[in-house]
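Residue numbers (my numbering): 193 to 412.
Note that CB positions come from ideal geometry on N, CA and C, so glycine has one too.
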């Protein structure tokens with residue numbers, strides 16, 4: 193896998209944002225954001241060579257896909273919304289961050305809370321605010337099924353009751369003249385009939401009721 197090629201692909205995803213920032217060649221990289229025992233929240237590691245530049249560093253979080261031998265095979269975006277983060281250059285990195293020695297190189301462990309999230313329009317918000325907004329959006333999305341999704345007081349009876357079997361209570365004969373129906377009660381109508389009456393729509397399976405609704409609508 194060509195890491196540099198992958199970085200170029202991910203960089204292209206944020207090209208419009210960099211245009212808004214008027215940055216032709218910003219320092220951009222891909223980082224894993226991990227949890228670690230004894231530390232709060234996610235963390236990233238930055239190479240000493242990256243910090244020594246004294247430049248703001250832009251990044252996207254990734255997950256590493258490995259093959260059977262454990263070698264890096266590919267990368268995938270860690271976050272679905274694919275945010276762009278910025279680490280602001282810090283000349284005091286040697287004093288403020290934990291240094292860890294690796295074979296042949298050194299890295300500094302930095303809390304993701306120190307990052308800024310760069311929005312598509314180029315404005316910035318703190319990492320903590322980004323996470324807060326994301327959590328609020330998730331809660332709002334989870335609650336949507338519990339909300340009334342229509343402004344109508346009544347559901348779409350015609351759609352619902354054409355799909356489901358009706359519950360009919362002692363249905364009155366449909367061949368009786370209208371005059372003889374004056375003694376009918378609610379016990380003689382189905383839920384579909386009730387829907388037809390409330391919606392003033394001839395959707396009942398009783399022709400006499402549909403005729404009454406049509407006549408009533410013509411007189412309005």
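For residue 280, does the three-state DSSP call read helix, strand or coil? In the chain shown, counting from the first residue as 1, residue 280 sits at position 88. Note: residue 280 maps to coil in three-state DSSP.
Using alpha carbons as the reference points, say which of 238, 270 and 401 lies closest to residue 289. Taking the first residue of the chain shown as position 1, residue 289 is located at position 97. Taking residue 289 as reference, the option from 238, 270 and 401 with the minimal CA-CA separation is 238.
Looking at C-alpha atoms only, which residue of 281, 310 and 336 is the closest neighbour of residue 245? Along the chain shown, one-based indexing puts residue 245 at 53. Out of 281, 310 and 336, 281 has the C-alpha closest to the C-alpha of residue 245.
Throw me the rounded Cβ distance for the residue 198 and residue 222 pair, which I believe falls under 8 Å. Your numbering for residue 198 matches position 6 in the chain shown. Your numbering for residue 222 matches position 30 in the chain shown. Sure, about 7 Å apart at Cβ, within 8 Å.
I want to know whether the stretch 302–311 touches the stretch 268–277 - three or more CB-CB distances under 8 Å. Put simply, the stretch 302–311 touches the stretch 268–277. At least three CB pairs are less than 8 Å apart.
Could you give the DSSP three-state label for residue 197: helix, strand or coil? Position 5 of the chain shown, counted from the first residue, corresponds to residue 197. Helix.
Quick check on the DSSP output: the beta strand (DSSP E) that includes residue 168 runs from which residue to which? For residue 168 there is no data in the structure shown, the boundaries of the chain being 193 and 412.
Below 8 Å between beta carbons: does that hold for residue 225 and residue 234? On the chain shown, residue 225 is found 33 positions in, with the first residue counted as 1. On the chain shown, residue 234 is found 42 positions in, with the first residue counted as 1. It is a contact, given that the beta carbons lie within the stated cut-off.
Just how far apart, CA to CA, sit residue 395 and residue 407? Along the chain shown, one-based indexing puts residue 395 at 203. Along the chain shown, one-based indexing puts residue 407 at 215. Roughly 14 Å separates the two Cα atoms.
Suppose the cutoff is 6 Å on Cβ atoms and the five residues either side in sequence are ignored; what does the same chain contact list for residue 220 look like? The residue labelled residue 220 in the question sits at position 28 within the chain shown. 203 and 250, listed in sequence order.
Can you tell me whether residue 319 is buried or exposed? The criterion is at least 16 other CB atoms within 10 Å of its CB, across all chains shown. Here residue 319 refers to the residue found at position 127 of the chain shown. Under the 10 Å beta carbon count, residue 319 is surrounded by 16 or more other beta carbons and is classified as buried.
Within the stretch 222–256, note down every full alpha helix (DSSP H) run reaching 4 residues or more, in order along the chain. Complete alpha helix (DSSP H) runs here, min 4: 240–244.
Which residue comes first and which comes last in the alpha helix (DSSP H) that contains residue 325? Sequence index remark: in the chain shown, residue 325 carries index 133 (1-based). Start and end: 319–335.
Quick one: is residue 257 buried, meaning 16 or more other Cβ sit within 10 Å of its Cβ, or exposed? Start at 1 with the first residue of the chain shown, and residue 257 comes out as number 65. In the assembly as shown, residue 257 is an exposed residue. Its beta-carbon has fewer than 16 other beta-carbons within 10 Å.
Considering only DSSP beta bridges, list what residue 298 is partnered with. Your numbering for residue 298 matches position 106 in the chain shown. Bridge pairing for residue 298: 293 [DSSP].
Out of 194, 240 and 215, state which residue places its alpha-carbon closest to the alpha-carbon of residue 286. Here residue 286 refers to the residue found at position 94 when the chain shown is read from its first residue. Considering only alpha carbons, the answer is 240.
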